[in-house]
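Asker: One structure is given below, represented as structure tokens, and several questions about it will come after.
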Amino acid sequence: MANSKIIPDADERRQALDPSQSFIVQAPAGSGKTALLIQRYLKLLTCVDAPEEVVAITFTRKAAAEMRTRVLAELEIEHNPDEAETTHEKLNQELAAAVLLRDQQAGWYLIEHPERLRIQTIDSLCASLTRQMPMLSKFGAQPETIEDATDFYLEAVRVTLELMQQDHAIAHDVEQLLEHLDNDMARVETLLIEMLAQRDHWLRHIHAKTRQELEESLQNLRYHALQYVLLQFPKVLENELLALLRYAAINLTADGKKSSILFPNQIYSLSSANVEHWYGIAELLLTREGSWRKKISINEGFPSGNSKIEKDEAKKWKNRWGALVAALSSEEVFRQALHDMRLLPPPYYTDRQWKILGAITRLLPNAVAQLKIIFQTSGFVDFSEVTQRALLALGESEFPTDLALALDYRIQHLLIDEFQDTSISQYKLIEKLIAGWEMGDGRSLFAVGDPMQSIYRFREAEVGLFLQARNTGIGHLVLQPITLSSNFRSQRGIIDWVNETFTQIMPIREEIESGAVPYTPSTAIHSRFTEIAVKVYPLFDKNQIAEANQVVEIIQQNRRDYPTNTIAILVRNRSHLQTIVQKLKESGLRFRAIDIELLHYRPVVQDLLVLTRALINLADKVAWFALLRAPWCGFLLKDIDALLKTSNEHKEKDCDTTINETVLWQLIDDPNHWCYLSDDAKARIERLRDALAPCIMHRERQSLRMTVEAVWQALGGPGCINPIIKKNSNYISTTWSDAMIFLDYLEMQEEVGTIRDLIGFEKGLNALYASQDLVADDSLQIMTIHKAKGLEFDTVIVPGMGREQRRNDKQLLKWMEQPHDRIKVETKLVSPELLLAPIQETGLDSDPIYRWMEKIDCKKEQNEADRLLYVAATRARKFLHLLGHVNLVESEEGKYIPKKPAVGSLLHRLWPVMQLIYFDAVEKNTMDKNLKLENKDCEVIISDINNQGIYRLKEGWTLPDAPKSVAWKEIYETKQIQEDIEFSWAGEMARHVGNVVHRWLKKIADDELRAWDTERIRMMHDCFKQNLLADGMSGNDKEVENAIDRIILALINAISDERGRWILGSHRHAKNELRVVGIVDNKLMNCVIDRTFTDSRGVRWIIDYKTGSHEGADVDNFLNREQIRYYEQLNYYAKLMRQIDSQPIKLGIYFPLIKGWREWE
96 MANSKIIPDA
106 DERRQALDPS
116 QSFIVQAPAG
126 SGKTALLIQR
136 YLKLLTCVDA
146 PEEVVAITFT
156 RKAAAEMRTR
166 VLAELEIEHN
176 PDEAETTHEK
186 LNQELAAAVL
196 LRDQQAGWYL
206 IEHPERLRIQ
216 TIDSLCASLT
226 RQMPMLSKFG
236 AQPETIEDAT
246 DFYLEAVRVT
256 LELMQQDHAI
266 AHDVEQLLEH
276 LDNDMARVET
286 LLIEMLAQRD
296 HWLRHIHAKT
306 RQELEESLQN
316 LRYHALQYVL
326 LQFPKVLENE
336 LLALLRYAAI
346 NLTADGKKSS
356 ILFPNQIYSL
366 SSANVEHWYG
376 IAELLLTREG
386 SWRKKISINE
396 GFPSGNSKIE
406 KDEAKKWKNR
416 WGALVAALSS
426 EEVFRQALHD
436 MRLLPPPYYT
446 DRQWKILGAI
456 TRLLPNAVAQ
466 LKIIFQTSGF
476 VDFSEVTQRA
486 LLALGESEFP
496 TDLALALDYR
506 IQHLLIDEFQ
516 DTSISQYKLI
526 EKLIAGWEMG
536 DGRSLFAVGD
546 PMQSIYRFRE
556 AEVGLFLQAR
566 NTGIGHLVLQ
576 PITLSSNFRS
586 QRGIIDWVNE
596 TFTQIMPIRE
606 EIESGAVPYT
616 PSTAIHSRFT
626 EIAVKVYPLF
636 DKNQIAEANQ
646 VVEIIQQNRR
656 DYPTNTIAIL
666 VRNRSHLQTI
676 VQKLKESGLR
686 FRAIDIELLH
696 YRPVVQDLLV
706 LTRALINLAD
716 KVAWFALLRA
726 PWCGFLLKDI
736 DALLKTSNEH
746 KEKDCDTTIN
756 ETVLWQLIDD
766 PNHWCYLSDD
776 AKARIERLRD
786 ALAPCIMHRE
796 RQSLRMTVEA
806 VWQALGGPGC
816 INPIIKKNSN
826 YISTTWSDAM
836 IFLDYLEMQE
846 EVGTIRDLIG
856 FEKGLNALYA
866 SQDLVADDSL
876 QIMTIHKAKG
886 LEFDTVIVPG
896 MGREQRRNDK
906 QLLKWMEQPH
916 DRIKVETKLV
926 SPELLLAPIQ
936 ETGLDSDPIY
946 RWMEKIDCKK
956 EQNEADRLLY
966 VAATRARKFL
976 HLLGHVNLVE
986 SEEGKYIPKK
996 PAVGSLLHRL
1006 WPVMQLIYFD
1016 AVEKNTMDKN
1026 LKLENKDCEV
1036 IISDINNQGI
1046 YRLKEGWTLP
1056 DAPKSVAWKE
1066 IYETKQIQED
1076 IEFSWAGEMA
1086 RHVGNVVHRW
1096 LKKIADDELR
1106 AWDTERIRMM
1116 HDCFKQNLLA
1126 DGMSGNDKEV
1136 ENAIDRIILA
1146 LINAISDERG
1156 RWILGSHRHA
1166 KNELRVVGIV
1176 DNKLMNCVID
1186 RTFTDSRGVR
1196 WIIDYKTGSH
1206 EGADVDNFLN
1216 REQIRYYEQL
1226 NYYAKLMRQI
1236 DSQPIKLGIY
1246 FPLIKGWREW
1256 E
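For the sequence shown, the working numbering begins at 96 and goes up steadily by one.
In structure tokens, the structure reads:
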């Protein structure tokens, strides 16, 4: 924010810092939203008695950590406003200096105790509320929150469905639902699981409305639609429309034709028209698809006539009709509203609808009740449960609980970041938090966000809530709206293109119901960087190879022209990247991929999964066949056929055994079955048998992870890397890391040396992501558009824009709860209308109410697609490259022209501003190479098809020789330590205690110390006991209790010790239990770093936890010896980390049992 340039919204920014006022700020992309939020936060700290009175809420841990780090950074730097280079920096320094003065006066010590800054996620806030009132929240002891509770949902659903076999009140409801869905039990389970995952959005509605109330909502919906379409129709054209309707009705009646145009025949004013009347008006003016009619015929009551007089009269009426349509053609909002009238649901439920709706609404609460029991038994809950219990703990607005009253007193100022991503449940939580607030009472609410960047509908975010809050406030609190306009990110060329494009494609007017958000233009602060800032690459026919090659070419050209530029490839879905990622690797372009490549697609993981399945089930034929074909064995198909041939001969002699009972391991283990194998195959199968036999024999004596890893290494699994990848040695360490991720996951999931639920195991595996190339820097990154929100890059590439979005699956119960913005009402506190509709019966047409809500959802998705494009485009600082394909169709003139993009694609949304570019590309014949596959691409594909061999180790491959034993030599004289060093515990118990302590230190650090106190840790006694037993600890009760005491002591020390709180608190780039694989001193190193982060001074810390303890006077000597002992280990960590991060590195060892600490550079 250079002070030499005029900031057009400077007054609005100053106004937003007024602590006596409440605001809702719309901050478009690049407008400095976070900077303004931090300035407001600093300003508020100067106005309160305690820092805890100012609460800032974000929606992600990353955002909370970034804000806290930036606040601390402002407080820690040396302040000299006179030396500030910009107005923004000067204001920050002035605000920080004022906070530090207040900090000194009040004795806050914020630098030493940053946890006093109440900057947290909304989930963290909910968890803290339930802990403060365990009885009201009905939690009791605080359970552990998990991100994926699918297994718990499934268990609750199955318990609920089993009630059908019992004399239970809902048994008949279960039968009805099964009958409704054609007794498809698997589908019913899936639908109920999805409903449980979203229960916080529908549960409050289930018992809240009667049939009469729900039908009133349907009638109100129709009434509001009537009022809306009437409001949009130009009043001056009313008489002409009615005259044309009467003329058409006379002709249709005379000809005996049936048409909805007959409905409005008797009305004399549109204000008295009902829904059916508007059906007739729509029939007169619109086509079935909803566009304006281009011609009218006898079918609509406009005959051509027979005699000359009749023809002249008919022509006159058709001309009048044409003039009316021409006058209405610019009324786009009216056209859409008129077409929507056709889809309005009926005003009443049928008995059949109500019967199944009743069954579903009775069954669902029972499933929720079963889920609560399972949560209580297991000690785990999901985030939805925490939110619901937090709402329960706060009580109702009219009858607040003691907690709500206490919070009302303690929270003076509330700031909410990314307010456009608020869900209805979160909105209700905010309403309860400020229920007692009044205008001018010294408290303030500051909500900041950008409705144009609301892209999280899949998380139940409702952009309409932002619009509602801006229009009517929240609760009794009126919010002053502020709109920022300055863009400090992008060059003028980008901003001009964004302004021109999104003004055309985004909705004209705001509409809460469909989430329509008009575009708000931005003003560029940076001047134009180049003449062409945005470039479109038209592609024809779906040619992923051509697109990938184009992306590679853009990157290479950009790096030649601007070597220091950062580049990002942004996509709507991860599936759009498969070909692009492969081309990048083949081109030697290293990249960071954030949650992009799924782990189960990696060849090494597929091989390990096959090996795991074979070892846990010797009768799994598919796994054993795949094992023989894996690269470490490499059986050809003819070899497998030869192996089975001998098996068939044996089966013919033994009539009691069928071929389906063949266990392939028996054939592998017995050389008598090898007689038809080639010499090459015999050598391979012998090596396979020798590696497998001892592990299969002793598999129940060790963990499954150890067995799988031992066999994999014995067979040469680490050496089975694709030759293409081997040419690029940078990816070898990534492959090894992927294998370790799989093995770690296997270790977590195994039970008594096996996997009991293999389907669930593979489902969980499918959700894991492959490791990133940690050596690659940030100059080239790949991510989804959703992940890129909040980030910025010099160059942005958006491929795959022509791809259609997958449609959402049907829901068991569809609901809609949205406030009305069309009709003004006297009071601001209007309860939103509620619609409920059941899923369609198998084999029948969809429910009309369900279909209406699907139409609204479709509108919401289209509007969100516009916003998704806006987010992608506004990530770019200098250059934006857009790639998308369309198919070619033959026109009536015999020419090839671009076909309109698929409706669900991003390119379809941009088509109004891009179609000329595509037509010009075809017309000028400049894109011929993309019309069909390039010859070289065809040759590659044909070559791949003709050479579908398998990559396998050489026949005589053996494990490399083990390294020679190390002969240790003393190079200095050792001295016997005179003092008696008494170690209070050692051996197996130490290992188990260390494992549990490490696990919970990771959890505490993940939570950034939020809601962790001494009382909570002491209440977890039973949980620690379970952890120890699960870790394999055996011993008498006294030994177990001793171990638990050690764990409690270590954790309490860690959260109360100043050094421990600093380690576990919020920091930038923080990672816990970070696995790092790389090459150090020409050796492949694999390590797990307990804790690493970057402090406010830009220093990267690598910290290791040690759970050793020491009793005696010479603690410093003990710590010095421990530092020497682990010095080399941590230095290796530093060498690995330097390949990832160029920042200065410091190393540290933390001893929570004795609050010990050692550090070095």
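Beta carbons: idealized from backbone N, C-alpha and C, even for Gly. Quantities reported herein were computed from a predicted structural model and do not represent experimental measurements.
Mind checking who N1167 pairs with in its DSSP beta bridge?
Answerer: If you number the sequence shown from 1, residue 1167 lands on position 1072. DSSP, once it has assigned bridges, lists R1186 as partnering N1167.
Asker: Going by alpha carbons, who is nearest to E626 out of W412, L975 and I529?
Answerer: Residue 626 sits at position 531 when you count from the first residue of the sequence shown. Closest by alpha carbon: L975.
Asker: Alpha carbon to alpha carbon, how far is N767 from R779? Give it in angstroms, no decimals.
Answerer: Locating residue 779 in the sequence shown gives position 684, where the first residue counts as 1. Locating residue 767 in the sequence shown gives position 672, where the first residue counts as 1. Taking the straight line joining both Cα atoms gives about 15 Å.
Asker: Using 8 Å for Cβ pairs, my map puts K973 next to V984. What's the rounded Cβ distance?
Answerer: Taking the first residue of the sequence shown as position 1, residue 973 is located at position 878. Taking the first residue of the sequence shown as position 1, residue 984 is located at position 889. In fact, because the Cβ distance is near 36 Å, the residues do not count as touching under 8 Å.
Asker: Buried or exposed for H267, please, with buried defined as at least 16 other CB atoms from any protein chain shown within 10 angstroms of its CB.
Answerer: For the purposes of this step, residue 267 is taken as the residue at position 172 of the sequence shown. Exposed, since its Cβ has fewer than 16 Cβ neighbours within 10 Å.
Asker: Select from Q188, L220 and A244 the residue whose C-alpha is nearest the C-alpha of K858.
Answerer: The residue labelled residue 858 in the question sits at position 763 within the sequence shown. Closest by alpha carbon: A244.
Asker: Roughly how many angstroms lie between the CA atoms of N394 and R341, to the nearest whole one?
Answerer: Start at 1 with the first residue of the sequence shown, and residue 394 comes out as number 299. Start at 1 with the first residue of the sequence shown, and residue 341 comes out as number 246. Taking the straight line from one Cα to the other gives about 15 Å.
Asker: Throw me the rounded Cβ distance for the I1197 and M1232 pair, which I believe falls under 8 Å.
Answerer: By 1-based counting over the sequence shown, the position of residue 1197 is 1102. By 1-based counting over the sequence shown, the position of residue 1232 is 1137. Right, their Cβ atoms sit about 6 Å apart.
Asker: Do the segment 603-614 and the segment 1001-1016 meet, that is, are 3 or more Cβ pairs less than 8 Å apart?
Answerer: Contact between the segment 603-614 and the segment 1001-1016 is absent, because fewer than three Cβ pairs lie under 8 Å.
Asker: Going along the chain, which unbroken runs of the alpha helix (DSSP H) with 4 or more residues stay wholly within the segment 405-448?
Answerer: The qualifying runs are 427-436.
Asker: What are the boundary residues of the beta strand (DSSP E) that includes M878?
Answerer: Working through the sequence shown from its first residue, we reach residue 878 at position 783. L875 to T879 is the extent of the beta strand (DSSP E) around M878.
Asker: Expressed to the nearest angstrom, what Euclidean distance is found between the alpha-carbon atoms of V463 and Q483?
Answerer: Counted from its first residue, the sequence shown places residue 463 at position 368. Counted from its first residue, the sequence shown places residue 483 at position 388. Their backbone Cα atoms lie some 12 Å apart in a straight line.
Asker: Are D1117 and H1087 closer than 8 Å when you measure CB to CB?
Answerer: Taking the first residue of the sequence shown as 1, we reach residue 1117 at position 1022. Taking the first residue of the sequence shown as 1, we reach residue 1087 at position 992. No, these two residues do not count as a Cβ contact at 8 Å.
Asker: Name the residue from P546, L560 and Y965 whose alpha carbon lies nearest to the alpha carbon of E526.
Answerer: Taking the sequence shown and counting its residues from 1, one reaches residue 526 at position 431. E526 has its Cα closest to that of L560, out of P546, L560 and Y965.
Asker: Just mark D279 as buried or exposed, buried being the case when its beta carbon has 16 or more other beta carbons within 10 Å.
Answerer: Stepping through the sequence shown from its first residue, residue 279 is reached at position 184. Exposed: under 16 other Cβ atoms inside 10 Å.
Asker: According to the neighbour-count rule (16 or more other Cβ atoms, all chains shown, within 10 Å of its Cβ), is Y204 buried or exposed?
Answerer: Sequence index remark: in the sequence shown, residue 204 carries index 109 (1-based). By the 10 Å Cβ count, Y204 comes out exposed.
Asker: Please work out which residues of its chain come closer than 7 Å, Cβ to Cβ, to R109, disregarding the five sequence neighbours upstream and downstream, and give them in chain order.
Answerer: In the sequence shown, residue 109 corresponds to position 14, counting from 1. Here the set comprises nothing.
Asker: Could you check the C-alpha separation between S518 and V806 for me, to the nearest Å?
Answerer: In the sequence shown, counting from the first residue as 1, residue 518 sits at position 423. In the sequence shown, counting from the first residue as 1, residue 806 sits at position 711. C-alpha separation (whole angstroms): 49 Å.
Asker: Buried or exposed: V1171, going by 16 or more other Cβ atoms within 10 Å of its Cβ?
Answerer: The residue you call residue 1171 lines up with position 1076 of the sequence shown. Looking at its Cβ environment, which holds 16 or more other Cβ atoms inside 10 Å, V1171 is buried.
Asker: Who are the near neighbours of I664 in its chain, counting only those whose CB is closer than 6 Å to its CB and skipping five residues on each side?
Answerer: One-based indexing of the sequence shown puts residue 664 at position 569. These residues qualify, in order along the chain: I877 and I892.
Asker: How is the beta strand (DSSP E) around H1162 delimited, first residue to last?
Answerer: As a working note, residue 1162 is residue 1067 in the sequence shown. Looking at the DSSP string, H1162 is not in any beta strand (DSSP E), and its letter there is neither H nor E.
Asker: Thinking S682 and V647 are a contact (beta carbons under 8 Å), I'd like their distance in whole angstroms, please.
Answerer: As a working note, residue 682 is residue 587 in the sequence shown. As a working note, residue 647 is residue 552 in the sequence shown. Between V647 and S682 the Cβ distance is about 5 Å, and since that is below 8 Å, they are a contact.
Asker: Only counting runs of 4 or more residues, tell me where the alpha helix (DSSP H) segments fall wholly within the segment 550-599, in order along the chain.
Answerer: List check, alpha helix (DSSP H) in window: 558-567.
Asker: Could you name the residues of the same chain whose beta carbon sits closer than 6 Å to that of C142, not counting the 5 residues immediately before and after it, in chain order?
Answerer: Within the sequence shown, the letter at position 47 stands for residue 142. If we look at C142 and ignore the five residues flanking it on each side, its Cβ neighbours are P114.
Asker: Compare the beta carbon distance of V331 and M436 with 8 Å and say whether it is the shorter of the two.
Answerer: Residue numbering aside, residue 331 sits at position 236 when the sequence shown is read from its first letter. Residue numbering aside, residue 436 sits at position 341 when the sequence shown is read from its first letter. In this structure, M436 does not lie closer than 8 Å to V331 by Cβ.
Asker: Does E184 come out as helix, strand or coil in the three-state DSSP assignment?
Answerer: As a first step, residue 184 is located in the sequence shown; it is residue number 89 there, counting from the start. Note: E184 maps to helix in three-state DSSP.
Asker: Nearest by alpha-carbon distance to R1094: which of P726, L1123, A124 and E1110 is it?
Answerer: The residue given as residue 1094 occupies position 999 in the sequence shown. Checking every option, the nearest Cα to that of R1094 belongs to L1123.
Asker: Using a Cβ-Cβ cut-off of 7 Å (strictly less than) and excluding sequence neighbours within five positions of T1189, which residues of its own chain qualify?
Answerer: As a first step, residue 1189 must be located in the sequence shown, where it is residue number 1094. H1162, R1163, H1164, R1195 and Q1238.
Asker: Sort I1244, I934 and I607 by Cα distance to Q271 and report the nearest one.
Answerer: If you number the sequence shown from 1, residue 271 lands on position 176. If we check each option's Cα against that of Q271, I934 comes out closest.
Asker: Comparing alpha-carbon positions, which option in L722, I649 and R554 lies nearest H881?
Answerer: Numbered from its first residue, the sequence shown carries residue 881 at position 786. It is R554 whose Cα lies nearest to the Cα of H881.
Asker: In angstroms, rounded to a whole number, what distance separates the CA positions of W986 and A1016?
Answerer: Here residue 986 refers to the residue found at position 891 when the sequence shown is read from its first residue. Here residue 1016 refers to the residue found at position 921 when the sequence shown is read from its first residue. Reading off the sequence shown, one finds Ser at residue 986, where the question assumed Trp. So the alpha carbons of these two residues sit roughly 16 Å apart.
Asker: Chain D beta carbons: is any one of them nearer than 8 Å to that of N334?
Answerer: Among the chains of the structure shown, chain D does not appear; only one protein chain is present.
Asker: List the residues that DSSP assigns as beta-bridge partners of I511.
Answerer: Residue numbering aside, residue 511 sits at position 416 when the sequence shown is read from its first letter. In the DSSP output, where bridge partners are listed per residue, I511 has I152 and A542.
Asker: Along the beta strand (DSSP E) that carries F888, what are the first and last residues, could you check?
Answerer: Here residue 888 is taken as the residue at index 793 of the sequence shown, counted from 1. That run of the beta strand (DSSP E) goes F888 to V893.
Asker: Would the beta-carbon of L186 fall within 8 Å of that of V543?
Answerer: Start at 1 with the first residue of the sequence shown, and residue 186 comes out as number 91. Start at 1 with the first residue of the sequence shown, and residue 543 comes out as number 448. Not a contact, by the Cβ cut-off of 8 Å.
Asker: Could you work out which residue in E887, Q652, N594 and Q639 is closest to T618 when comparing CA atoms only?
Answerer: The residue you call residue 618 lines up with position 523 of the sequence shown. Residue N594 is the option with its Cα nearest to T618.
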